[in-house]
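Student: Sharing a structure here in structure tokens format.
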Amino acid sequence: MKLSEVKRLLKAEVVYGDHKLETEVELAAGSDLMSDLLTGPTAGALLLSGLNNLQVIRTAVIAGFTGVVLVRGKKPDPEMIAQAKIHDVPLMTTPFTLFTACGRLFKEGVRGVERRKKTP
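Its first residue numbered 260, the sequence shown is counted upward by one per residue in my numbering.
Here it is as structure tokens:
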């Protein structure tokens with residue numbers, strides 16, 4: 260699924276990254292606890308979170324996420340947007356809860372990162 264389809268399904272607003280809407284996404288992870296996401300494997304997955312701070316962008320960069328979706332209508336502050344631009348991480352916001360957003364993506368074929376085998 261392309262990020263453009265994620266945008267449509269989640270009724271999301273693109274805060275940064277319109278130029279990357281053709282990027283493919285097959286996996287996603289939803290969490291507010293960034294340390295859980297650093298246990299991998301997450302490269303190429305989409306990160307959904309209700310956490311609205313710089314740590315989300317830092318985690319996305321370190322773990323290799325394709326993009327970030329903030330849930331519950333959270334609006335990123337200017338510093339978070341600036342970091343998304345610096346690291347070229349697509350950033351969206353959706354009115355849906357984390358549960359609903361993940362469910363909508365799952366229904367359309369996006370699977371969780373646990374479906375990918377960890378590398379030793």
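The C-beta atom is built at its ideal place from N, Cα and C for all residues, glycine as well.
Small disclaimer: the values here were computed from a predicted structure and weren't measured.
State the CB to CB distance for the pair L286 and R370, rounded to an integer number of angstroms; the pair is presumed to be in contact (CB under 8 angstroms).
Tutor: Confirmed, Cβ separation roughly 6 angstroms.
Student: Whole angstroms is fine: what's the gap from D277's alpha carbon to L262's?
Tutor: For D277 and L262, the distance between alpha carbons rounds to 9 angstroms.
Student: Determine which residues share a DSSP beta bridge with R370 and list them.
Tutor: L286, per the DSSP bridge assignment.
Student: From which residue to which residue does the beta strand (DSSP E) around E272 run?
Tutor: Taken as a continuous stretch (DSSP letters only), the beta strand (DSSP E) holding E272 covers 272–275.
Student: What are the residues that DSSP puts in a beta bridge with S308?
Tutor: For S308, which the question treats as bridged, DSSP gives the partners L329.
Student: Considering only the beta carbon of each residue, do L313 and G326 sit closer than 9 angstroms?
Tutor: Not in contact: L313 and G326 (Cβ atoms no closer than 9 angstroms).
Student: Buried or exposed for T298, going by 16 or more other Cβ atoms inside 10 Å?
Tutor: Label assigned to T298: exposed.
Student: Determine the burial state of A271: buried for a count of at least 16 other Cβ atoms within 10 Å of its Cβ, exposed for fewer.
Tutor: It is buried - the Cβ of A271 has at least 16 other Cβ atoms within 10 Å.
Student: By how many angstroms is the C-alpha of C361 removed from the C-alpha of P379?
Tutor: Annotation note: pLDDT 48 at P379 (below 50); position unreliable, coordinate value reported separately. The alpha-carbon atoms of P379 and C361 are separated by roughly 28 angstroms.
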